[in-house]
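Visitor: One structure, as structure tokens, below. Some questions next.
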Amino acid sequence: MRRLFCSILIHCNPSNPLNLWESFRQSLSKDIQANLALRDGNDDVYNEALIDIDRHIRDYVIRGLSEFHLPTPVHHEAPLDVEYMSEKNYNIAELTETITRDEPRLLPEQREIYNEIIDSVRLNQGKLFFLNAPGGTGKTFVINLILAKLRAERRIAIACASSGIAATLLQGGRTAHSAFKLPMDIGKKDNPI
Numbered sequence: 001m002r003r004l005f006c007s008i009l010i011h012c013n014p015s016n017p018l019n020l021w022e023s024f025r026q027s028l029s030k031d032i033q034a035n036l037a038l039r040d041g042n043d044d045v046y047n048e049a050l051i052d053i054d055r056h057i058r059d060y061v062i063r064g065l066s067e068f069h070l071p072t073p074v075h076h077e078a079p080l081d082v083e084y085m086s087e088k089n090y091n092i093a094e095l096t097e098t099i100t101r102d103e104p105r106l107l108p109e110q111r112e113i114y115n116e117i118i119d120s121v122r123l124n125q126g127k128l129f130f131l132n133a134p135g136g137t138g139k140t141f142v143i144n145l146i147l148a149k150l151r152a153e154r155r156i157a158i159a160c161a162s163s164g165i166a167a168t169l170l171q172g173g174r175t176a177h178s179a180f181k182l183p184m185d186i187g188k189k190d191n192p193i
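Residues in the sequence shown are numbered consecutively from 1, following the UniProt record's numbering.
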């Protein structure tokens, strides 16, 4: 859910980000609370959630949380998050080999969207893209090549899909529920976003 919160901050320009944080900070930090076995509402739990949000925001906005007038988290000397490290730990040689092999195979329309997405990321434009085409036209091929290119540049590229089957087709893919820590039964949750 913290990644969804980051997307809302970056792409939706909420009128009061601090109020949004305060309204949903408990939901945004439930997994941290469970992992740290701390009591509900503990400032350390919220601080860890802000650290995670700040790390994701800095991939898009240089100033991080201060850009949105949110509290500045206190960073502790601690080992880096396993999930973060796994996203930064792809084999560059294998990715480069994939890029070298597959970039020439792109069709003109595929190359156009591929270049547009790569350029958007490199220029920190924060755009959203939706690939819509019939089955078998190479959407997964293009997405996997985009993931390889960005990861070869040591950027974080989260591959997620709505279903487990679709997620298995993406390199490093996960379901949206797993990637964004969304509840499985959102209808029964108190504060679905």
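Note that beta-carbon positions come from the ideal geometry of N, C-alpha and C, so glycine has one too.
For T175, which of helix, strand or coil comes out of DSSP?
Guide: Here residue 175 is taken as the residue at index 175 of the sequence shown, counted from 1. Here T175 sits in strand by DSSP.
Visitor: Determine, using beta-carbon pairs with one atom in the stretch 101-121 and one in the stretch 63-71, whether at least three such pairs fall under 8 angstroms.
Guide: The stretch 101-121 is not in contact with the stretch 63-71.
Visitor: Taking the alpha carbon of S162 as the reference point, which residue from L145, T96, T72 and S178 has its own alpha carbon closest?
Guide: Position 162 of the sequence shown, counted from the first residue, corresponds to residue 162. S162 has its Cα closest to that of S178, out of L145, T96, T72 and S178.
Visitor: Roughly how many angstroms lie between the CA atoms of D52 and E22, to the nearest whole one?
Guide: Start at 1 with the first residue of the sequence shown, and residue 52 comes out as number 52. Start at 1 with the first residue of the sequence shown, and residue 22 comes out as number 22. Distance between the alpha carbons of D52 and E22: 16 angstroms.
Visitor: Taking the straight line between their C-alpha atoms, what separation do you get for L128 and R155?
Guide: Locating residue 128 in the sequence shown gives position 128, counting from the first residue. Locating residue 155 in the sequence shown gives position 155, counting from the first residue. The alpha-carbon atoms of L128 and R155 are separated by roughly 17 angstroms.
Visitor: Are Q125 and N144 close, meaning C-beta to C-beta below 7 angstroms?
Guide: Taking the sequence shown and counting its residues from 1, the one referred to as residue 125 is at position 125. Taking the sequence shown and counting its residues from 1, the one referred to as residue 144 is at position 144. Contact flag unset, no.
Visitor: Do Q110 and V74 have their C-beta atoms within less than 7 angstroms of each other?
Guide: Looking up residue 110 in the sequence shown gives position 110. Looking up residue 74 in the sequence shown gives position 74. Not a contact, by the Cβ cut-off of 7 angstroms.
Visitor: Measure the alpha-carbon distance for C160 versus G173 and round it to whole angstroms.
Guide: For the purposes of this step, residue 160 is taken as residue 160 along the sequence shown, with counting starting at 1. For the purposes of this step, residue 173 is taken as residue 173 along the sequence shown, with counting starting at 1. Cα-Cα distance, rounded: 5 angstroms.
Visitor: For the alpha helix (DSSP H) that S23 lies in, which residues bound it at each end?
Guide: Locating residue 23 in the sequence shown gives position 23, where the first residue counts as 1. S23 -> alpha helix (DSSP H) spans P17 to L28.
Visitor: What is the C-beta distance between R55 and Y84, in whole angstroms, given that I count them as a contact (C-beta under 8 angstroms)?
Guide: Within the sequence shown, numbered from 1, the residue matching residue 55 stands at position 55. Within the sequence shown, numbered from 1, the residue matching residue 84 stands at position 84. With a Cβ gap of about 7 angstroms, R55 and Y84 count as contacting.
Visitor: Just grab the DSSP bridge partners of C160 for me.
Guide: Within the sequence shown, residue 160 is the residue found at index 160, counting from 1. DSSP output for C160 lists R174 as bridge partner(s).
Visitor: So what's P79 in DSSP terms, helix, strand or just coil?
Guide: Numbered from its first residue, the sequence shown carries residue 79 at position 79. Because P79 sits at a pLDDT of 48, beneath the cut-off of 50, its placement in the model cannot be relied upon, and the point is left open.
Visitor: Along the chain, where does the alpha helix (DSSP H) containing residue 200 start, and where does it finish?
Guide: Given that the chain is displayed from residue 1 to residue 193, the structure contains no residue 200 and the question cannot be resolved.
Visitor: Got a sec, what are the start and stop residues for the alpha helix (DSSP H) F141 sits in?
Guide: For this step, residue 141 is matched to residue 141 along the sequence shown. F141 -> alpha helix (DSSP H) spans K139 to A152.
Visitor: R151: buried (16+ other C-beta within 10 angstroms of its C-beta) or exposed?
Guide: Reading the sequence shown from its first residue, position 151 is the one you call residue 151. Buried, because 16 or more other Cβ atoms sit within 10 Å of the Cβ of R151.
Visitor: Could you have a look at N13 and say whether DSSP puts it in helix, strand or coil?
Guide: Stepping through the sequence shown from its first residue, residue 13 is reached at position 13. Reduced to three states, the DSSP call for N13 is coil.
Visitor: Label T72 either buried or exposed according to how many other C-beta atoms from any shown protein chain fall within 10 Å of its C-beta, with 16 as the threshold for buried.
Guide: For the purposes of this step, residue 72 is taken as the residue at position 72 of the sequence shown. The residue is exposed, with fewer than 16 neighbouring Cβ atoms inside 10 Å.
Visitor: Note the first and the last residue of the continuous alpha helix (DSSP H) segment covering S120.
Guide: Locating residue 120 in the sequence shown gives position 120, where the first residue counts as 1. Here the alpha helix (DSSP H) through S120 covers P108 to R122.
Visitor: Using CA atoms only, rank isn't needed, just tell me which of N13, E87, N42 and I92 is closest to Q26.
Guide: Taking the first residue of the sequence shown as position 1, residue 26 is located at position 26. Of the listed residues, the one whose Cα sits closest to Q26 is N42.
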